[in-house]
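In our numbering, the protein residues as written are 8 to 609.
Note that beta-carbon positions come from the ideal geometry of N, C-alpha and C, so glycine has one too.
None of these values were measured; they are calculated from a predicted model.
To start, the structure under review is shown below, and the notes come after it.
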Amino acid sequence: MSPTTDTDVVICGTGAAGLTLALDLARRNIAFLLIDKAPHPFVGSRGKGIQPRSQEVFEDLGVIDKIVASGGEYPVQRIYTPSGPVDQAGVEMSEPTPEEPYQIPLLVPQFLTERRLRERLAELGHAPHYGHELVGFDQDGDGVTARIATADGEQAVRATYLIGADGGSSFVRKTLGIGFPGKTLGVRAIVADVYVDGVPADAWHRWGEDTAGQVSMCPLYGTDMFQLQAPVPFDVDLDLSAEGLTAFFRERTGRDDVVIRSVSWASAFQMNARLADTYRRGRVFLTGDAAHCHPPTGGQGLNTSVQDAYNLGWKLAAVLGGAPDSLLETYEQERRPIAQAVLGLSEKLLEAAKNRDIHRGREVSQLDLGYLNSPLSLHSSGRDKGVLAGDRAPDSPVTGTGGLPTRLFSLFQGPHWTLLGHDVDDASAPAPRPGLHIHTIGTRGDIVDSGDRVQSAYGLSAGQWVLVRPDGYVAAVVDTAELPTVEAYLDTVGVRPLTATRPTTTEASTDMPTKTSPASTGTPRTRREHRQARSAAERRLDTAQRELQQLSRQVQRDLRSVRRHGETTAIVARSNFAELAVKSINRLTANLRTDRTDRTDQ
8 MSPTTDTDVV
18 ICGTGAAGLT
28 LALDLARRNI
38 AFLLIDKAPH
48 PFVGSRGKGI
58 QPRSQEVFED
68 LGVIDKIVAS
78 GGEYPVQRIY
88 TPSGPVDQAG
98 VEMSEPTPEE
108 PYQIPLLVPQ
118 FLTERRLRER
128 LAELGHAPHY
138 GHELVGFDQD
148 GDGVTARIAT
158 ADGEQAVRAT
168 YLIGADGGSS
178 FVRKTLGIGF
188 PGKTLGVRAI
198 VADVYVDGVP
208 ADAWHRWGED
218 TAGQVSMCPL
228 YGTDMFQLQA
238 PVPFDVDLDL
248 SAEGLTAFFR
258 ERTGRDDVVI
268 RSVSWASAFQ
278 MNARLADTYR
288 RGRVFLTGDA
298 AHCHPPTGGQ
308 GLNTSVQDAY
318 NLGWKLAAVL
328 GGAPDSLLET
338 YEQERRPIAQ
348 AVLGLSEKLL
358 EAAKNRDIHR
368 GREVSQLDLG
378 YLNSPLSLHS
388 SGRDKGVLAG
398 DRAPDSPVTG
408 TGGLPTRLFS
418 LFQGPHWTLL
428 GHDVDDASAP
438 APRPGLHIHT
448 IGTRGDIVDS
458 GDRVQSAYGL
468 SAGQWVLVRP
478 DGYVAAVVDT
488 AELPTVEAYL
498 DTVGVRPLTA
508 TRPTTTEAST
518 DMPTKTSPAS
528 TGTPRTRREH
538 RQARSAAERR
548 LDTAQRELQQ
558 LSRQVQRDLR
568 SVRRHGETTA
578 IVARSNFAEL
588 AVKSINRLTA
598 NLRTDRTDRT
608 DQ
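Listed below in structure tokens is the structure:
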């Protein structure tokens, strides 16, 4: 076994969930290792629907345009009946609005979606490691040791957290002994990506909709392939070759003018609906299909997985940066109820499909899902209109005071929190802090709300503020007088103000001795001053310890870069500088501890 190396997070699984989580951590400068036991990326189209809420997530991650260009809108459903073909819409098409810029689901083969995510990850300087199989792990109070089998032998990787994004048969979930209750839905099906002659690409073709012998061919936009889908009996052996699928198709449709030339990928599977008993065990988390398994109806599985990872990413980064561990408890508290509700919807749509109802409406968009009952939702008494804490934050066109048009989503984009004041005096805004962007509409504000669109979208009154989380959900809507509550809330999620540092003094001048008073030296005289000095010292100690932790991790990353890429001058200089900073903070911490002890004794 090779020597242990260190990182912040190990992500097991390179599907949509694992890649989304990796992207979110990458843009937050969190060290991670993304692995998959497969020798190469997944090549199938299985999860081909990208719902509107996931499109918003992909915009924030900087990849939406590439994904849209990789596919297209869902085609018309062409139902072949004894009386002839009948075209009907299968997906409810609504026009985009300023508040909801993405209304139409996209049809993008899963392998193309994941390819675009990998390309975006490469832009941020990272890549998945294929042929790396997680074969075991142990955890303690400080971290997780993952054992990874590679072509070069087994490696041990020490990480602060391990994430199981390794699918429905998750090794991570099974190793943890987490139950995966649910049911088999009594449906076995085949799905295959095929090159076919004799079927036009202008529609999703469906035969035998009212029989057990139904079969469909859906064009896979962005490719020259079709996705063949059909339910099949449980006790039948299947030939998934091009010749076998051509014979299967002809038997069900009677069409001898359709020939499947080749098969890119094919699978036979049983439909299940399952939900993990818990999403966390110590320092190990489950996300995506490892935590929930859906039937394909309604295109909910991949989308729920993407949003799991989007929820978990910012919380991992916050806790690694010094936020309390309790923040990570909200991951399961928020996402497991969502998966439970979505599973119910998928089963409902499956039953409807059995009755020839293939219509899909707003319920599959995931735009209306939120976290109203989350402990992270700071509710204000008496608010009964507009957006509430836990709701998805709407978009809206606005104008910067520099004259250029923009959108709220553009202001939200990135790993930060956003505080937006409506019709407020800029002077009432709280002090800036790292990780928080503050925008105000009103006197000397930086945003102009032409036509009161923000006010309408959020249901705001003059003097109100909206706090938006990094994942685009509303954390609070408060009046100006309640801003101290918001500032205290931000402290609890790791968004803390900058700590003022006292200027250091050099050698005292010997020209003229000066008599100093207790007040001028800062020596506490009263019990209240002692308490204040002690609190200030404790805050400085906490800040120093967090900075020490962050710098230590940075040093480890830099040293790993040195080992991997050679001792370039730039990397060595950076490592040396970081090590000096750590020593400096160690000295500061020791002094603060002494200061704290002295004040306690007094």
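Between the alpha carbons of PRO116 and LYS44 lies a gap of roughly 22 Å.
Secondary-structure assignment with DSSP links ASP200 through a beta bridge to GLN234 and TRP272. In the same chain as ASP430, and ignoring 5 residues on each side of it, the C-beta atoms closer than 7 Å to its own belong to ILE448, GLY449, ALA469 and GLY470, in chain order. By the neighbour-count criterion, in which a residue is buried when 16 or more other Cβ atoms sit within 10 angstroms of its Cβ, GLY54 is buried. Excluding five sequence positions before and after MET278, the CB atoms of its chain that fall closer than 6 Å to its own CB belong to LEU192, VAL194 and PRO302, given in chain order. Every unbroken stretch of the alpha helix (DSSP H) spanning 4 or more residues and falling wholly within the region 134-197 is given here in chain order: 178-183.
Residue pairing for THR492: DSSP places it in no beta bridge. In the DSSP secondary-structure assignment, ALA346 is not bridged to any residue. Measuring C-alpha to C-alpha distances from ALA166 to each of LEU252, VAL203, PRO112 and ARG290 identifies ARG290 as the nearest. By the criterion of a C-beta distance shorter than 7 Å, PHE241 is surrounded in its chain by ARG195, once the five residues flanking it on both sides are discounted.
Rounded to the nearest whole angstrom, the C-alpha separation of ASN380 and LEU247 is 47 Å.
Rounded to the nearest angstrom, the gap between the Cα atoms of ALA298 and GLY410 is 47 Å.
The region 339-346 makes no contact with the region 149-162; the number of CB pairs closer than 8 Å stays below 3.
A straight-line Cα-Cα distance of about 16 Å links ARG257 and PRO89. For the pair SER435 and PRO491, the Cα-to-Cα distance works out to about 11 Å.
Here ARG127 is actually not in contact with GLY205; their C-beta atoms are around 37 Å apart, not less than 8 Å. In the structure shown, PHE118 falls within a helical segment according to DSSP collapsed to helix, strand and coil.
With respect to HIS133, ILE42 sits apart: the two C-beta atoms are not nearer than 8 Å.
For ASN310, the three-state secondary structure derived from DSSP is helix. Taking VAL266 as the centre and dropping the five residues before and after it, the same chain places the C-beta of VAL203, ASP204, GLY205 and THR253 closer than 8 Å to its C-beta, in chain order. Straight through space, the alpha carbons of ARG451 and LEU352 are spaced by roughly 47 Å. SER463 sits in a helix when the DSSP states are folded into three classes.
A straight-line Cα-Cα distance of about 32 Å links GLY320 and GLU99. Bounds of the beta strand (DSSP E) holding SER223 are 222-226. At a cut-off of 3 residues, the continuous stretches assigned as beta strand (DSSP E) that sit fully inside the region 23-62 are 39-43. Bounds of the beta strand (DSSP E) holding ARG85 are 84-88. Contact between GLN314 and ARG60 is confirmed by a C-beta separation of about 7 Å, below the 8 Å threshold.
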